[in-house]
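First to last, the sequence lines map onto chains A and B. Every position in the first sequence, counted from 1, becomes a number in my numbering once 1 is added. Every position in the second sequence, counted from 1, becomes a number in my numbering once 12 is added. First the structure, in the form of structure tokens, and then the observations on it.
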Amino acid sequence: MSRLLRWLFFALFVRPLVLVILGLNVRHRERLPKHGPAVLTANHNSHLDTLVLISLMPLGQLHRIRPVAAMDYFMRNRALAWFSTQIIGILPIARQRRAPDEDPLAGCSAALAQGDILIFFPEGSRGEPERLAEFRGGVARLAARHPEVPFVPIFMHGLGKALPRGEALLVPFFLDVFIGESLCGREHVDNFLPCLRRSIEALRGEGRFASWE
Amino acid sequence: MSDFGVPAAVLAALAGILGLLVVASLATAVLRHRLNEAAHRELRQRVQSWWVMVTIFAIAIVLSRNVSLAFFAFVSFLAFKEYLSLIPTRRVDRQVIFWAYLLIPLQYVTIGHAWYGMFVILVPVYGFLLLPMRMVLLGETRDFLRAAGTLHWGLMATVFSLSHVAYLLVLPEAVNAGIGGAGLVLFLVFLTQFNDVAQYVWGKACGRHKALPTVSPGKTVEGLVGGVLTTTVLGGLLGEWLTPLSLMESFLAGLLIGVAGFIGDVTVSALKRDLGVKDSGSLLPGHGGILDRVDSLVYTAPLFFHFVYYLHY
Numbered sequence: 002m003s004r005l006l007r008w009l010f011f012a013l014f015v016r017p018l019v020l021v022i023l024g025l026n027v028r029h030r031e032r033l034p035k036h037g038p039a040v041l042t043a044n045h046n047s048h049l050d051t052l053v054l055i056s057l058m059p060l061g062q063l064h065r066i067r068p069v070a071a072m073d074y075f076m077r078n079r080a081l082a083w084f085s086t087q088i089i090g091i092l093p094i095a096r097q098r099r100a101p102d103e104d105p106l107a108g109c110s111a112a113l114a115q116g117d118i119l120i121f122f123p124e125g126s127r128g129e130p131e132r133l134a135e136f137r138g139g140v141a142r143l144a145a146r147h148p149e150v151p152f153v154p155i156f157m158h159g160l161g162k163a164l165p166r167g168e169a170l171l172v173p174f175f176l177d178v179f180i181g182e183s184l185c186g187r188e189h190v191d192n193f194l195p196c197l198r199r200s201i202e203a204l205r206g207e208g209r210f211a212s213w214e
Numbered sequence: 013m014s015d016f017g018v019p020a021a022v023l024a025a026l027a028g029i030l031g032l033l034v035v036a037s038l039a040t041a042v043l044r045h046r047l048n049e050a051a052h053r054e055l056r057q058r059v060q061s062w063w064v065m066v067t068i069f070a071i072a073i074v075l076s077r078n079v080s081l082a083f084f085a086f087v088s089f090l091a092f093k094e095y096l097s098l099i100p101t102r103r104v105d106r107q108v109i110f111w112a113y114l115l116i117p118l119q120y121v122t123i124g125h126a127w128y129g130m131f132v133i134l135v136p137v138y139g140f141l142l143l144p145m146r147m148v149l150l151g152e153t154r155d156f157l158r159a160a161g162t163l164h165w166g167l168m169a170t171v172f173s174l175s176h177v178a179y180l181l182v183l184p185e186a187v188n189a190g191i192g193g194a195g196l197v198l199f200l201v202f203l204t205q206f207n208d209v210a211q212y213v214w215g216k217a218c219g220r221h222k223a224l225p226t227v228s229p230g231k232t233v234e235g236l237v238g239g240v241l242t243t244t245v246l247g248g249l250l251g252e253w254l255t256p257l258s259l260m261e262s263f264l265a266g267l268l269i270g271v272a273g274f275i276g277d278v279t280v281s282a283l284k285r286d287l288g289v290k291d292s293g294s295l296l297p298g299h300g301g302i303l304d305r306v307d308s309l310v311y312t313a314p315l316f317f318h319f320v321y322y323l324h325y
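In structure tokens, the structure reads:
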């Protein structure tokens with residue numbers, strides 16, 4: 002039932018919003034993974050980031066796509082928790098360890114093991130519009146644990162203009178989405194995080210973005 | 013009249029355009045081994061995009077007047093959005109930009125009611141006066157003139173100018189008996205796009221002298237002259253069939269579209285050069301963005317509209 006609701010929500014609302022009202026300018030679409038397990042890692046400016054990344058993949062893959070999201074934020078009440086897990090399909094993750102032996106990445110590992118495609122924001126939270134914040138370590142630990150899984154770096158620009166943090170009014174702008182060559186933990190044992198960051202920064206360098214002051 | 017209530021001449025004109033596309037596709041296939049791979053891929057993408065554009069355009073024209081108006085409103089929306097995504101904007105102006113977007117449905121609803129008096133002043137008068145007022149209320153004066161000026165230029169080009177194509181559809185049917193506004197739209201849009209292709213082909217075939225090297229290095233005097241002459245002749249041949257224009261007026265309309273199309277093209281080129289981009293977007297593979305495709309129409313639509321309007325309506 003909720004799988005059907007999720008499909009309808011994305012087919013009738015999210016995709017028209019992202020692909021028609023906003024509109025994507027995608028570079029190197031061929032670098033997107035055709036199937037899981039894989040991890041899409043992108044910079045994070047807006048709640049819509051997740052919806053844009055999900056819209057990059059075919060609707061038929063929808064049930065395989067799991068955005069990794071903060072449990073304390075997206076599960077803070079029952080209605081939001083239902084919407085986040087059943088409709089958006091998030092994989093809730095605890096930002097703070099609640100017990101010393103708890104493994105915050107266990108859910109991600111299990112999802113990758115069954116061939117899902119995760120969406121991971123290495124910056125953690127949304128941060129300043131159109132600025133790249135410090136990357137956190139979770140994504141590198143996940144890569145070390147799954148050394149064969151491809152991590153696809155993605156740079157997105159424009160959502161900080163269309164719907165920045167704290168704003169409710171959506172203003173249409175075309176969004177740039179640049180896809181990078183995938184990295185995997187096996188090839189980058191010691192330097193996964195800096196390599197991922199450099200890759201996303203290099204993608205940002207491919208574009209020429211109008212100033213937004 | 014056909015079963016859909018579409019004039020037979022409109023269907024015949026659309027069939028003619030489809031025939032040209034078939035020729036273009038065949039020519040592309042023939043040229044496969046005579047061009048290098050990149051050039052051939054671009055040509056193929058261009059022709060494919062033409063098929064998509066012509067199909068959508070034909071469906072929009074044939075279905076009903078309101079569908080046609082919605083289609084042109086959507087083209088304005090895409091072009092305006094593309095423009096806003098290219099230019100520098102101020103963070104504080106999000107609300108103002110939202111208001112500017114609202115002028116698009118207003119403009120096309122005005123056209124739907126054939127309210128000429130409002131159609132010609134909504135953007136140039138009310139938009140011009142009210143958007144800067146909304147901007148003033150934000151209290152930010154840094155880059156104020158740049159923000160107000162660029163926003164209005166975009167509205168004038170992508171909403172006001174382009175909407176003249178749509179207004180042709182609501183001009184009184186009786187003047188252009190048998191084919192109506194759709195004939196005028198087909199004449200204008202086809203000749204404008206044909207002129208772009210003709211200037212390109214003439215330029216490739218015998219271009220020697222650059223026309224505007226600092227703005228658009230690909231444009232040549234030979235391409236311009238050859239394209240304008242071809243468009244003028246074609247205008248003369250098609251005008252009496254599709255429009256209320258006489259033979260002489262049709263040649264003049266062709267000449268007007270040929271020259272204005274060139275000016276629209278290089279004006280948008282200058283804008284892109286200023287912003288440091290080659291294409292305005294990536295919506296139409298082989299062509300670039302939507303602005304790259306409608307740039308000539310920004311100039312030809314209002315000029316052709318008022319040419320016909322003055323002479324016959």
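Ideal placement from N, C-alpha and C gives every residue a C-beta, glycine not left out.
Item, Value
"Residues near residue 121/A by beta carbon distance below 6 Å, same chain, minus five either side", "40, 42, 69 and 140"
"Coil, strand or helix - residue 159/B by DSSP", "helix"
"Contact residues within the region 15-28 of chain A, judged by C-beta distance below 7 Å to chain B", "24 and 26"
"Contact list for the region 283-300 of chain B against chain A, Cβ threshold 9 Å", "287, 288, 289, 293, 294 and 295"
"With 16 other Cβ atoms within 10 Å as the buried cut-off, status of residue 205/B", "buried"
"Three-state class that DSSP yields for residue 168/B in the structure shown", "helix"
"Rounded distance between the beta-carbons of residue 209/B and residue 177/B, thought under 8 Å", "Not really, about 18 Å apart at Cβ, beyond 8 Å."
"Stretch-stretch touch, CB-based, cutoff 8 Å, three pairs: the region 143-155 of chain A with the region 182-195 of chain A", "yes"
"Pairwise C-alpha distance: residue 93/B and residue 112/B", "11 Å"
"Among 286/B, 233/B, 49/B and 35/B, nearest to residue 227/B - alpha-carbon criterion", "286/B"
"Three or more C-beta pairs below 8 Å linking the region 107-127 of chain A and the region 58-65 of chain A", "yes"
"Residues near residue 310/B in its chain [Cβ-Cβ closer than 6 Å; skip 5 each side]", "169, 173 and 276"
"Closest Cα partner of residue 182/B within the set 199/B, 246/B and 120/B", "120/B"
"Length of the line joining the Cα atoms of residue 210/A and residue 28/A", "14 Å"
"Integer-rounded CB distance, given that residue 33/A should sit under 8 Å from residue 180/A", "6 Å"
"Three CB pairs or more closer than 8 Å across the region 289-306 of chain B and the region 241-248 of chain B", "no"
"Cβ of residue 169/A within 8 Å of any chain B Cβ", "no"
"Reference residue 176/A, options 57/A, 31/A, 35/A and 11/A, closest by Cα", "57/A"
"Nearest-angstrom Cβ-Cβ length linking residue 119/A and residue 92/A, presumed shorter than 8 Å", "7 Å"
"Residue 125/B versus 104/B, 148/B and 77/B, residue with shortest Cα-Cα distance", "77/B"
"For residue 165/B and residue 30/A, the rounded distance between their alpha carbons", "33 Å"
"Any chain A beta carbon closer than 8 Å to residue 144/B", "no"
"Distance CB(residue 136/A)-CB(residue 204/A) smaller than 8 Å", "no"
"Chain B within 8 Å of residue 173/A, Cβ atoms only", "yes"
"Test: residue 44/B CB closer than 8 Å to a CB of chain A", "no"
"Residue-chain proximity (residue 212/A, chain B), Cβ-Cβ < 8 Å", "yes"
"Residues sharing a beta bridge with residue 232/B, DSSP", "222/B"
"Short CB-CB distance (under 8 Å) between residue 90/A and chain B", "no"
"Separation of residue 83/A from residue 279/B, as counted between CA atoms", "52 Å"
"Close Cβ partners of residue 173/A (< 8 Å) along its chain, the five nearest in sequence each way excluded", "22, 23, 24 and 163"
"Assigned secondary structure, residue 45/B (DSSP; H/G/I helix, E/B strand, else coil)", "helix"
"Residue 209/A: contacting residues in chain B (beta-carbon distance under 7 Å)", "288 and 289"
"Reference residue 214/A, options 291/B, 74/B, 215/B and 154/B, closest by Cα", "154/B"
"Contacts of residue 113/B in chain E (Cβ-Cβ under 9 Å)", "In the structure shown, chain E does not exist; the protein chains are A and B."
"Helix, strand or coil at residue 20/A [DSSP, three-state]", "helix"
"Start-end ranges of the alpha helix (DSSP H) lying completely within the region 145-212 of chain A, minimum 4 residues", "160-163 and 193-207"
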